[in-house]
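Input: a single structure, listed below in structure tokens.
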Amino acid sequence: MTTADITASFKKQPVGFACGLLCLVLGALLYFRSDVVDADQADYDAKSAQAAKIVANVNASKNLAEQVKEIQAATKDMEGRLLQSGQLGINLQYFYKLETETEVKLVDVRPNGISKTNKAAYIPVPFSVSVQGSYEKIMLFVSRLENGPHFCHFSSATFTKLAGGEGSQNMMTLTLNLELLGRP
Numbered sequence: 170m171t172t173a174d175i176t177a178s179f180k181k182q183p184v185g186f187a188c189g190l191l192c193l194v195l196g197a198l199l200y201f202r203s204d205v206v207d208a209d210q211a212d213y214d215a216k217s218a219q220a221a222k223i224v225a226n227v228n229a230s231k232n233l234a235e236q237v238k239e240i241q242a243a244t245k246d247m248e249g250r251l252l253q254s255g256q257l258g259i260n261l262q263y264f265y266k267l268e269t270e271t272e273v274k275l276v277d278v279r280p281n282g283i284s285k286t287n288k289a290a291y292i293p294v295p296f297s298v299s300v301q302g303s304y305e306k307i308m309l310f311v312s313r314l315e316n317g318p319h320f321c322h323f324s325s326a327t328f329t330k331l332a333g334g335e336g337s338q339n340m341m342t343l344t345l346n347l348e349l350l351g352r353p
């Protein structure tokens, strides 16, 4: 095929030759820029993920004011349930009140040492408590501690049956090591 034949074919079908030439040029560009496609795809994926996060945040923020009010109310309720670690008399009065309500005999109640190195907003206030009474009354005492106004965590509990003496057949002693949540 000579140059004259190629020129004649080009004059007969100029659109076909132009399309063929365009395909060759675009194929060469695709070959030489194929590494850019992967980088662009990664960039697209990152921006799509960021857009999805923004859409999720916008959807979640619809009730944000109501949720803030609920959290503030829950925080206020929780703050009302905390002990003040330095108010020994008021803290002990809680146990004396439980003694009266449950009709157990409070044998011993002692605050244990509070860690002074703890700089947290909330700290455990430890107590050792011993009570005597019938099993039912002692369990009522424990139930009131668990479901009472203060957050309570039992570290240990020891039941012992009282020996000897009149009327001591159903009497038991419960020794508790517990922590009430409080503020420093």
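Here this note's numbering is used: position 69 in the sequence shown is 238, and no number is missing along the way. By construction, the Cβ of each residue, glycine as well, lies at the ideal position given by its N, Cα and C atoms.
- Counting the other CB atoms within 10 Å of its CB gives asparagine 316 a total below 16, which places it among the exposed residues.
- Taking 7 Å as the cut-off, the beta carbon of serine 297 is found closer than this to the beta carbon of arginine 279.
- With respect to asparagine 281, proline 293 sits apart: the two C-beta atoms are not nearer than 7 Å.
- Spanning the alpha carbons of lysine 306 and leucine 345 requires a straight line of approximately 15 Å.
- Remark: C-beta atoms of glutamate 348 and histidine 322 approach each other more closely than 7 Å.
- Nearest to leucine 309 by alpha-carbon distance, out of Thr269, Phe179 and Val276, is Thr269.
- Non-local beta-carbon contacts of serine 325 in its own chain, meaning distances under 6 Å to residues more than five positions away in sequence, involve Asn346 in chain order.
- Assignment of phenylalanine 320 by DSSP, reduced to helix, strand and coil, places it in the coil class.
- In the structure shown, leucine 345 adopts extended strand secondary structure according to DSSP, grouped into three states.
- Assignment of beta-bridge partners to arginine 352 by DSSP yields Gln253.
- Annotation: valine 273 is outside any beta strand (DSSP E) and is labelled neither H nor E by DSSP.
- Glutamine 301 is not a Cβ neighbour of lysine 266, given a cutoff of 7 Å.
- Exclusion of the five residues before and after lysine 222 leaves no residue of its chain whose Cβ lies closer than 7 Å to its Cβ.
- The shortest C-alpha to C-alpha distance from tyrosine 304 to any of Ala177, Ala290, Tyr263 and Asn339 is the one to Asn339.
- According to the DSSP secondary-structure assignment, glutamine 301 is paired through a beta bridge with Lys274 and Thr342.
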